[in-house]
Structures are given as C-alpha cells and as structure tokens.
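Okay, so here's the structure we're looking at.
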Amino acid sequence: MALPDGGPGSPSSNTETEMGSRIRGYRNMRKLSLRELASRAKISAGFLSELERGQVNASVGTLRRLAEELGVKLPDLFGDHHVNGARILRKADRPEIHVDDLSAKYLLSQKPLMNLEVYSAEFAPGGSAGEAYVHGDAQEVLIVVKGSLVLELDGKKHQLDAGDSAEYRTSIPHTVHNLSDASAELLWIVSPPTA
Numbered sequence: 001m002a003l004p005d006g007g008p009g010s011p012s013s014n015t016e017t018e019m020g021s022r023i024r025g026y027r028n029m030r031k032l033s034l035r036e037l038a039s040r041a042k043i044s045a046g047f048l049s050e051l052e053r054g055q056v057n058a059s060v061g062t063l064r065r066l067a068e069e070l071g072v073k074l075p076d077l078f079g080d081h082h083v084n085g086a087r088i089l090r091k092a093d094r095p096e097i098h099v100d101d102l103s104a105k106y107l108l109s110q111k112p113l114m115n116l117e118v119y120s121a122e123f124a125p126g127g128s129a130g131e132a133y134v135h136g137d138a139q140e141v142l143i144v145v146k147g148s149l150v151l152e153l154d155g156k157k158h159q160l161d162a163g164d165s166a167e168y169r170t171s172i173p174h175t176v177h178n179l180s181d182a183s184a185e186l187l188w189i190v191s192p193p194t195a
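Residue numbering for the sequence shown follows my numbering, beginning at 1 and increasing consecutively.
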C-alpha cells in the first residue's frame, strides 16, 4: 500500500528536488525553522526535511498547507524559477493597481520578497495620488524617473524632478501630484511592506 505522501526510499527526481529546494528557500526567506513550518502545516519535521531534500513526495493537501503557511500560491512550489535566483517581470505582466487620478500604479516586487515592496507609477498631467494619507510606519523612498512631481509631505510641498528622490516614514501624511503638462513616472520603495 502506497503512503499518500510517499515514504522513505521513494525515488528522487529533479522535479521533487527542485520543489524541495523551493520550499526550503521560501521557508528560509520567512525565517521559519523546519519544526515551526512543519507544525503549522500539520506534518512532521522529519517528513518536511525529507521533502526539502527531494526524498519523498507530498500530497496536494500537504503542498497546499505548506504554500499557505509560506504565503505563496500552490503553483509557486512547481514554478520554473528558483527562489534564490533572478526573476524577470515584463512590463506587460506587472500587476496593475488603480488609485484615484493616477494613470497607473504597478507592483514590481514579487512574492516571496518579504523585506520591501517596489511600485512603479505613471501620472497623467494633473494626476494625483489623492489626499495625503498614512500607511503603517515603514520607510518609504520615492524616486522620480521621468518628468516633475510635487511631493506633499506633512503639509509641505517639495518639487521633485527626474533623478530626484525623497525618503520619509509612511506614518507622516504624504501624497504626490503631477502639476505639470507632461506625464511623470516614479518608483516607490517601501520597507517593510505595509500593504
């Protein structure tokens, strides 16, 4: 009778080894011990260790629980990229977020990146991120890539041109306006993530 999650001595394949390596990479990025993740996923630490080394297979249910505890989707465990390797995000594939009069805002950082979020935003002439707002108490860096923008920070306005940057806490009321007749682009980097 076959065990649902495989067993010791199950043949190891590249797919199992790569998946195990991904699970270990996600676990390490989240600073979870082997025992902690195993407990959360309701499996033994020994089984998780064997899974990470590609020595056993896991049921879909077990993989779903692991993915959930790691903060990723099940397909991420099967992906063709390596957790510790470089990943490419094409402009056409960026997740788009709409905010008020903002032409477009895109999330550039991809899971399982835990320490920061990176956004790209495009402002139409007259575009704005809306009223000044706060979100958490993280460090935020704004970099103007193209055009000119006005950063409103704690009620004070600062003109920023291409290549200029600003750094501030997200607990300080802030917003951005494009008061020019041309489009503008910026990068927002937030650490740790507040979304």
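By construction, the Cβ of each residue, glycine as well, lies at the ideal position given by its N, Cα and C atoms.
All values reported here derive from a predicted model rather than from experimental measurement.
In chain order, what residues of the same chain lie with their CB nearer than 6 Å to the CB of residue i, ignoring the 5 residues before and after it?
{"i": "H177", "result": "S128, V150"}
{"i": "L179", "result": "V150"}
{"i": "E167", "result": "V141"}
{"i": "D181", "result": "P125"}
{"i": "S109", "result": "E117, V118"}
{"i": "E50", "result": "V56"}
{"i": "L70", "result": "Y26"}
{"i": "Q139", "result": "S191"}
Here's a check: name, in chain order, each residue in its chain whose Cβ is nearer than 7 Å to the Cβ of residue i, leaving out the five neighbours to either side.
{"i": "I143", "result": "S165, L186, L187"}
{"i": "K42", "result": "R65"}
{"i": "M19", "result": "L77, F78"}
{"i": "E16", "result": "G54, N57"}
Confirm the yes/no value for this check: CB of residue i, any heavy atom of the ligand SAM, distance under 7 Å.
{"i": "S148", "result": "Summarising the ligand content, the structure contains no ligands, and the ligand SAM is consequently not present."}
Considering only residues of the same chain and omitting the five flanking positions on each side of residue i, which have a CB-CB separation below 8 Å?
{"i": "S44", "result": "A38"}
{"i": "I172", "result": "V134, L153, D154"}
{"i": "R90", "result": "none"}
Use the C-beta contact count for residue i: other C-beta atoms within 10 angstroms, 16 or more gives buried, fewer gives exposed.
{"i": "L48", "result": "buried"}
{"i": "V190", "result": "buried"}
{"i": "R35", "result": "exposed"}
{"i": "E52", "result": "buried"}
In three-state terms, what does DSSP make of residue i?
{"i": "R30", "result": "coil"}
{"i": "T175", "result": "strand"}
{"i": "I43", "result": "coil"}
{"i": "K73", "result": "coil"}
{"i": "E36", "result": "helix"}
{"i": "A92", "result": "helix"}
{"i": "S21", "result": "helix"}
{"i": "R53", "result": "coil"}
{"i": "E16", "result": "helix"}
{"i": "A129", "result": "coil"}
{"i": "A58", "result": "coil"}
{"i": "K66", "result": "According to the sequence as given, residue 66 is Leu; it is not Lys. Looking at L66 - three-state DSSP - the assignment turns out to be helix."}
{"i": "L116", "result": "coil"}
{"i": "S180", "result": "coil"}
Check for me: the beta strand (DSSP E) holding residue i runs from which residue to which?
{"i": "E140", "result": "139–146"}
{"i": "E185", "result": "184–191"}
{"i": "L107", "result": "104–107"}
{"i": "D161", "result": "156–161"}
{"i": "S200", "result": "Residue 200 cannot be examined here, being either before or after the span of the chain that is shown, 1 to 195."}
**contact_flag[the region 117–132, the region 157–168] where n(CB pairs < 8 Å) is 3 or more** = no
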